[in-house]
Amino acid sequence: MALIEVEKVSKVHNPGLADEMKALDGVSLSIERGDVAVLTGPSGSGKTSLISLIGCMARPTEGKIRVDGKDVVKLPERFLTDIRRRRFGFIFQQFHLIRELTVLENVLLPLYPLETSFRTMKDTALAILHKLRIDGKKSLKIKNLSGGEQQRVAIARALVNEPQIIVADEPTAHLDSRLAQEFMDILKLCNQEGKTIIIATHDPFIQTNPLVSKTIAMRDGRLESMKKK
Amino acid sequence: MTKHLKIIDYAITSLLRRRYKSFAILAAYSLTVTTLASVLFLTHALRTETDYIMQGVPDLIVQRTIAGRHELIPVDYAEKIGAIPGVSGIRPRYWGYYYDGLTEANYTLLGSGGEPAPLQMLTGRLPVNPGESAVGAGVAALRGSAVSGELILVNSRNIGVLFQVTGLFRSESNLLTNDLVVLTDRDIVDFFGFPPGEATDFAVSIPQSSEIQTIAAKIKQLYPDTRPITKRELTRTYDMVFGWRSGMMLTVFCAAIIAFCIMAWDKATGLSADEKLEIGILKAIGWDTADVLALKFWEGLIISLTAFLSGMILAYVHVFFFNGFVLAAVIKGWSVLFPTFRLTPAFNLFYVLIMGFFTVVPYVASTVIPTWRAAITDPDSVMRG
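Residue numbers (our numbering), protein chains in the order written: chain A, 8 to 236; chain E, 4 to 388.
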């Protein structure tokens, strides 16, 4: 059984309004456990909409999405939150870190709603920061970090809950090739630990990276092709 | 429980992170509560003072009026009035107002013959011998009597008279005694040049309060040129005076409430882009809608409770330690010699709770409601940047 199954999914933004837009139109695909899947396509092709739906951050207008066999489309909001919290780690295009908080405080954020003690939270976050070799900057505020360092923090925040699936939207858009390589090295480690990785990108560096096991091409909200390496 | 403690911790971090905004809200909110609470404390304390004053007021005061003007009353009226059934005692009172050109202030000169209870708040003693006096703190301050131990006043024959100060009224009694100069009855008669056998008015004691009106009517019948004033009439006059001033206080109160509503409305009408983004981020990384609402609830509660408590403390200090100097001029009246009295701390817990309810609850609601609108939307928008 595939880890993620998307079946005839459509998504209409702002339905019934003047700016109504059909972002996805009957997309079906599947992602296996341990895959490193890359969603490619030009801007406006529906990549971000699709990973939003896969990551349970929005609901499709039509179709079904199953995560680990469970249909998530009709689930109440609190269950979706629980799935996001336990199964997914998100890395956003602009990192979306809270700039006035320190590195450690940002990484702690996903742990606040859990019934774990402060000490456990802190130990977990420090372990991740150490693994990503940014623990030396744990007390610095985000606004004082370089782009590459900010991305490491964003990755640390995505990994701190030990998610099964990492979802990244244009993660290398603001990075030079050296930092992009570092990012892929980190993802490689995660993948070796059994994590499934889904990346929306139009960066050729990622698309051609040997780590990628599946390439899903999108165009005009439709699935253009799906190739497994 | 652990989760909520952590959310409270994050709420405090968030408030400190936005320290300038938080401080500005806290300052405005505290100021509003200080104004509201000062009005509340001041009016309530003054009413308590009024009640205190009224305790020392005779059951019935009998004045004499000629053509509607207050005139001295013959002391021999006391014999027939004292014989009316139900009257347990009657004593003539000697007093008058004195304008002191030197300090441009009005004093109240009072004969010491049998003082009401509040006048016992005295350091030293009341005058017993001719040439002695006890003075209020305001008079003592203006005339330096506390230091010199003397007071010179100009009598009805335009001659300066020297009085030794034997007593000083303590500041707790300032509302009553600030402008007071107590002399012996004989000195008062001599000072004002009262004709022999005449007093300013009578203080009549009537143990049965139900008989006061009847006795007042009998006095009026007995001596048509008198004006009996009952304690109830005096209470009503005080109520009207304080009622009128409370009206002015109410205006201040309303202005503060309006300021608070504007602040709450401004907050309720929307979140900044940064706040919306932060809510989206928190939701995307696993915060539930309820967690986000709990965060904003605690933020609102921390701000509003801190502001409420600091506002209350500031108001308490303002009214009872600094004598409500900002608002006192509105409420204390027209006396040239403003009493620098110290109000007795007195407040009604019910009013405090009501005020807490009407400030803390709307503020917390105005924090949570816009957050709820943002928190129930999908975090998808964050993904889009």
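Where a beta carbon is used, it is the ideal one built from N, C-alpha and C, also for glycine.
Give the straight-line distance between the Cα atoms of L29 of chain E and L356 of chain E, rounded to the nearest whole angstrom.
19 Å
The alpha helix (DSSP H) enclosing I284 of chain E, as first and last residue numbers:
276-287
Helix, strand or coil, according to DSSP, for T68 of chain E in the structure here?
strand
Among A:T131, A:N198, A:S220, nearest to P117 of chain A - alpha-carbon criterion
A:T131
Among the residues of its own chain, which have a CB less than 6 Å from the CB of M233 of chain A, if the five just before and after it don't count?
L36, I223
To which residues does DSSP link I155 of chain E through a beta bridge?
E:L165
Do I232 of chain E and Q58 of chain E have their CB atoms nearer than 9 Å?
no
Whole-angstrom Cβ separation of V90 of chain E and I218 of chain E, contact assumed at under 8 Å?
6 Å
So with Cβ pairs under 9 Å, would you call V165 of chain A a contact of chain E?
At residue 165 of chain A the sequence reads Ala, which differs from the Val that was named. Yes, because at least one Cβ of chain E sits closer than 9 Å to the Cβ of A165 of chain A.
With a CB to CB cut of under 6 Å and the five nearest residues on each side skipped, what residues in its chain are close to E135 of chain E?
Q167, T169
May I ask you to report which of helix, strand or coil DSSP gives K129 of chain A?
helix
I want to know whether the stretch 210-225 of chain E touches the stretch 157-166 of chain E - three or more CB-CB distances under 8 Å.
no
Limits of the unbroken alpha helix (DSSP H) element including P373 of chain E
352-378
Taking only beta-carbon atoms, is K202 of chain A less than 9 Å away from chain E?
no
Comparing the C-beta of R21 of chain E with each C-beta of chain A, is any distance below 9 Å?
yes
Please name the residue or residues paired with I172 of chain A in a DSSP beta bridge.
A:F95, A:T203
Indicate whether at least one CB of chain E lies closer than 9 Å to the CB of T88 of chain A.
yes
Please confirm whether G2 of chain E has its beta-carbon closer than 9 Å to some beta-carbon of chain A.
Outside the shown range of chain E (4 to 388) lies residue 2 of chain E, about which nothing can therefore be said.
Please return the same chain residues whose Cβ sits closer than 6 Å to the Cβ of G85 of chain E, not counting the five positions on each side in sequence.
I93
Could you give the DSSP three-state label for A25 of chain A: helix, strand or coil?
coil
Using only CA atoms, which one of A:L60, A:H103, A:F99, A:F102 lies nearest to L82 of chain A?
A:L60
Between E:S208, E:S41, E:G127, which has its C-alpha nearest A349 of chain E's C-alpha?
E:S41
For E122 of chain A, does the count of other Cβ atoms within 10 angstroms reach 16, so buried, or fall short, so exposed?
exposed
Under a three-way DSSP split, which group does M315 of chain E fall into?
helix
Indicate whether the contact test is met: 3 or more Cβ pairs, each with one atom in the stretch 87-106 of chain A and one in the stretch 157-173 of chain A, closer than 8 Å.
yes
Which chain A residues sit within Cβ distance under 9 Å of L18 of chain E?
Neighbours of L18 of chain E on chain A: none; closest Cβ ~12 Å, over 9 Å.
If you check the beta carbons only, do F323 of chain E and A27 of chain E fall under 9 Å apart?
no
What residues in the stretch 63-81 of chain A have a beta carbon less than 8 Å from any beta carbon of chain E?
M64, A65, R66
Pull out every residue of the stretch 148-181 of chain A whose Cβ sits closer than 7 Å to any Cβ of chain E, in chain order.
R164, N168, D176
Start and end of the beta strand (DSSP E) containing H20 of chain A?
11-20
Cβ distance (whole Å) where V45 of chain A is taken to contact L31 of chain A below 8 Å:
Actually they are not in contact, since the Cβ atoms of V45 of chain A and L31 of chain A sit about 17 Å apart, beyond 8 Å.
Is the beta carbon of I98 of chain A sitting closer than 9 Å to the one on V219 of chain A?
no
Please determine, among E:V364, E:R376, E:I222, the residue with the shortest C-alpha to C-alpha distance to I305 of chain E.
E:V364
Along chain E, which residues have their Cβ under 9 Å away from the Cβ of R126 of chain A?
What R126 of chain A touches in chain E: nothing, since even the nearest Cβ is about 11 Å away.
Where does G33 of chain A land, buried or exposed, given buried means 16+ other C-beta within 10 angstroms?
exposed
On the criterion of 16 or more Cβ atoms from any shown chain inside 10 Å, does P119 of chain E qualify as buried, or is it exposed?
Bear in mind that the predicted position of P119 of chain E carries a pLDDT of just 45, short of 50, making it unreliable; the figure below should be weighed with that in mind. P119 of chain E is exposed by the Cβ-count criterion.
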